[in-house]
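Okay, structure first, notes after.
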Amino acid sequence: MLPRIREAIAAAVRAAAKERFGADVERVVLERPPRIALGDLACPIAFDLAKALKKAPRAIATELAPALQLPEGVRQARVEGAGYLNFFLERAPVVRALLAGSVSAAARPEKVIVEHTNINPNKAAHIGHLRNAVLGDVLVRSLRRLGYPVEVQNYLDDTGVQVADVVAGLVHLQGVRTVAAAAEVVRDRRLPGGPVYAKGFAYLCWDLYAEVGRTYAARPETKAWRDEVLQAIEAGDNETARIAALVVEAIVSAHLATMGRLGIAYDVLPRESDIIHKHFWAKAFAMLKEKGAIHLETEGKHAGCWVLRLSESEEFAGMEEPDKILVRSTGTVTYTGKDIAYQLWKFGLLDADFDYDRFRPAWDSGSVEAAEIPAEVRDHPLWRTAHAGGAADAPPFGRGDRVFNVIDVRQSYPQKVVREGLRALGYAGEAERSTHFSYEIVGLSAKAARELAERFGEEYRLSPEDEQKPFVEMSGRKGLGVKADDLVELLLERSRAEIAARRTTDAATGATEAERDARAIAIGALRYFLLKVGRNKVIAFDFDEALNFEGDTGPYLQYSLVRTDNIFRKLEEKGLPAAVAPDGLPEDGWDDDLWGIALDAASTPDVAERAVDTLELAALARHAFGLAQGFNTFYHRQPILQEPDPVVRNRRIAIARIFRMEMSRLLELLGIPEPGRM
Numbered sequence: 017m018l019p020r021i022r023e024a025i026a027a028a029v030r031a032a033a034k035e036r037f038g039a040d041v042e043r044v045v046l047e048r049p050p051r052i053a054l055g056d057l058a059c060p061i062a063f064d065l066a067k068a069l070k071k072a073p074r075a076i077a078t079e080l081a082p083a084l085q086l087p088e089g090v091r092q093a094r095v096e097g098a099g100y101l102n103f104f105l106e107r108a109p110v111v112r113a114l115l116a117g118s119v120s121a122a123a124r125p126e127k128v129i130v131e132h133t134n135i136n137p138n139k140a141a142h143i144g145h146l147r148n149a150v151l152g153d154v155l156v157r158s159l160r161r162l163g164y165p166v167e168v169q170n171y172l173d174d175t176g177v178q179v180a181d182v183v184a185g186l187v188h189l190q191g192v193r194t195v196a197a198a199a200e201v202v203r204d205r206r207l208p209g210g211p212v213y214a215k216g217f218a219y220l221c222w223d224l225y226a227e228v229g230r231t232y233a234a235r236p237e238t239k240a241w242r243d244e245v246l247q248a249i250e251a252g253d254n255e256t257a258r259i260a261a262l263v264v265e266a267i268v269s270a271h272l273a274t275m276g277r278l279g280i281a282y283d284v285l286p287r288e289s290d291i292i293h294k295h296f297w298a299k300a301f302a303m304l305k306e307k308g309a310i311h312l313e314t315e316g317k318h319a320g321c322w323v324l325r326l327s328e329s330e331e332f333a334g335m336e337e338p339d340k341i342l343v344r345s346t347g348t349v350t351y352t353g354k355d356i357a358y359q360l361w362k363f364g365l366l367d368a369d370f371d372y373d374r375f376r377p378a379w380d381s382g383s384v385e386a387a388e389i390p391a392e393v394r395d396h397p398l399w400r401t402a403h404a405g406g407a408a409d410a411p412p413f414g415r416g417d418r419v420f421n422v423i424d425v426r427q428s429y430p431q432k433v434v435r436e437g438l439r440a441l442g443y444a445g446e447a448e449r450s451t452h453f454s455y456e457i458v459g460l461s462a463k464a465a466r467e468l469a470e471r472f473g474e475e476y477r478l479s480p481e482d483e484q485k486p487f488v489e490m491s492g493r494k495g496l497g498v499k500a501d502d503l504v505e506l507l508l509e510r511s512r513a514e515i516a517a518r519r520t521t522d523a524a525t526g527a528t529e530a531e532r533d534a535r536a537i538a539i540g541a542l543r544y545f546l547l548k549v550g551r552n553k554v555i556a557f558d559f560d561e562a563l564n565f566e567g568d569t570g571p572y573l574q575y576s577l578v579r580t581d582n583i584f585r586k587l588e589e590k591g592l593p594a595a596v597a598p599d600g601l602p603e604d605g606w607d608d609d610l611w612g613i614a615l616d617a618a619s620t621p622d623v624a625e626r627a628v629d630t631l632e633l634a635a636l637a638r639h640a641f642g643l644a645q646g647f648n649t650f651y652h653r654q655p656i657l658q659e660p661d662p663v664v665r666n667r668r669i670a671i672a673r674i675f676r677m678e679m680s681r682l683l684e685l686l687g688i689p690e691p692g693r694m
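See the structure below:
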């Protein structure tokens, strides 16, 4: 109901500004005042008009107020402060509408593509990858809540140097030279003559990848292994290429299981190898040459390279060497070149498409049991680009109207180049609708590293130099980082301990419920920790903060839901009604405590819209936390179970019901599961 009222107020403000001052106002901003006593919505239109009208904002607002035709649901408009036009809503109709249930957002026609996660398929995922995936997933959930059709892509770089290095380690360090031998390593989770990796092949590759990096550093001549493998992968149809495909398949399944246990699903997995096989870059290259956007360097250090001209773009002004190499003198295409081709395909501008096959991951990866993955993720149709043929019943992919690429801030320059590539081809609109959703890295504190070392071994032990740093950046090459599944395991252990201290679980069903609730709490703690910090801030991971069951945490939000369910259960035990019909609510008596929760609950669509517009998804976490705090304050000030007056009690029950519905929707938006008990 609130979005409709906001639209009506905005229309009334525009009409009043036109009538009173002859001003054409395109955008009307409506904000929440700092206190309910000042109103429910505040409009700063007078400040926007002050310069053009050469009047004080308060004088403008004073003239506008009586010219307003107040829409239905608004009882008063009042001038406040230095010139804000504040609106007071009819409270009972809003409460009734909220209690009746929210209306789904109107469907929007623009298809949105969100690409996120994109982990190199060469080792287990770490917490930095989780930040990407969680941010991308909440963006997807928010867009869908706002009515957009969304396609979720998880790009697989199956031909890159990281995969090549793991394959080089298998072939040259471990003597695994056949597909049969590689399949045995994947199946048995052990290298020839080595220990079994109980947590799976992805953990084995974590160590192997670090070992290859150490080998390269100690014996530089061994770096030739990488080129050898890369050439074999590109050539295809050879044993090394087939080993690489086997490695990628196993690692991708492990990554999908890791993200799946967090409730994260995808629609399609585009593979870099298919971009090559389908000659996407060749088509993009021809387009760029035809437009004169790239040129062949004939002298200097870039002689023989094809370069995208950027020196005339304001976005790259002042750079010492702004032009970007897309094709090296060796004829190989850079990552940025392939990304331009991929971005053109996303917008349906390439006159080419992939073939697709269903991809069915091996959900039980060793580190993650299939039972830990929600059914809605396991059952979600997942497609992958196919090297040839493909399924006839594959749905259409790509052809988006807007594209979000969720990639960390270190990729800002390449992402700018991709947008500039679109502009150079004449696709200025698509360039504007191509958004880099950047975020800062996740660091590891020395304290967190020591805790990990105590639990999982010396691989987490920092050097004396790293011990002195405020945080240490994740490095797969060094083997340093909080493995995502290790983190979840620690969270689960502490959640189980907390639940064991709070309840008795003698029966088998009780033990099953306790485990389910422990998983919900662990996932809620992790997702909220990664979401509550602004995307442009580095997260220095801290176990104590993430695992806190009180305060600004996921478990705090979950507990607020459990508390409302306990209230309804106790009402029923006392023989009192635990629900109230919307038409049974009175017109008056909606004091500020009650109204504040209703207004916060009604504001979620606006918060989600702003969060998407600014890409500050932390605003959703703050909104949920504020709503939970408001309910807990209300609960202590205005008890429900002890209230003897049925009319007063029904008002409070209605607010508790509204809170319960909206917090449940917010947790779904944040991807936080609901536990049955805490």
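Count the sequence shown with the working numbering and you get residues 17 to 694, in order.
Ideal Cβ positions, reconstructed from N, Cα and C, are used throughout, including at glycine.
Here I25 is near L46, since their CB atoms are less than 8 Å apart. Less than 8 Å divides the Cβ of L172 from the Cβ of V264. Out of L683, A644 and W379, the CA that lies nearest to the CA of A266 is found in W379. Selection V212, E328, D502 and L615 evaluated against R51 yields L615 as nearest (Cα-Cα). In the structure shown, F641 falls within a helical segment according to DSSP collapsed to helix, strand and coil. Here S269 is buried, its C-beta having at least 16 other C-beta atoms within 10 Å.
For the options A333, N254, F370 and M275, the alpha carbon positioned closest to that of W297 is the one of F370.
The segment 446-489 contains, as complete alpha helix (DSSP H) runs of 4+ residues, the segments 462-472 and 480-483 (chain order). Going by DSSP, H311 is part of the beta strand (DSSP E) stretching over I310 to L312. Secondary structure of E625 (DSSP, three-state): helix.
A direct Cα-Cα distance of roughly 22 Å separates E23 from T78.
Out of G176, D482 and G414, the CA that lies nearest to the CA of E167 is found in G414. Inter-residue distance for A408 and Y282 is about 20 Å (C-alpha atoms, whole angstroms).
With contacts defined as CB atoms closer than 8 Å, T352 and V433 qualify as a contacting pair. A check of alpha carbon separations from V195 across A240, D253, V554 and D153 identifies D253 as the nearest. In this structure I669 touches I656 by the C-beta definition: roughly 6 Å separates them, less than 8 Å. For Y213, the number of other beta carbons within 10 angstroms of its own is at least 16, and it is reported as buried. Secondary structure within the segment 153-240: the beta strand (DSSP E) runs of 3 or more consecutive residues, fully enclosed, are 166-169 (chain order).
Membership of L685 in the alpha helix (DSSP H) is indicated by the continuous run P662 to L686. Secondary structure of W399 (DSSP, three-state): strand.
The C-beta of G316 has fewer than 16 other C-beta atoms within 10 Å across all chains shown, which makes the residue exposed. Buried is the label assigned to Y372, since at least 16 other Cβ atoms lie within 10 Å of its Cβ. Secondary structure of Y372 (DSSP, three-state): strand.
For the 8 Å CB-CB criterion, A300 and L324 do not form a contact. When secondary structure is reduced to three states using DSSP, R543 falls in the helix class.
Excluding the 5 residues flanking it on each side, V628 has same chain C-beta neighbours closer than 8 Å at L155, S158, L159 and L162, in chain order. For L631, the secondary structure class from DSSP, reduced to helix, strand or coil, is coil. For E96, the enclosing beta strand (DSSP E) begins and ends at V90 to E96. In chain order, L507, R510 and A541 place their CB closer than 7 Å to the CB of L563, counting only its own chain and leaving out the 5 sequence neighbours on each side.
Around the beta-carbon of D395, fewer than 16 other beta-carbon atoms lie within 10 Å, marking it exposed. Inclusion of E131 and N421 in the CB contact set at 8 Å is warranted, their separation being smaller than that value. The three-state reading of DSSP puts F37 in helix, counting H, G and I together. When R471, F584, V182 and A333 are compared, the shortest CA-CA separation from R676 is found for F584. Nearest neighbour of Y358 by Cα position, chosen from R435, S327, L105 and T630, turns out to be R435. Counting along the chain, no beta strand (DSSP E) covers A121, and no H or E run does either.
One thing to note: I389 has its Cβ within 8 Å of the Cβ of A273.
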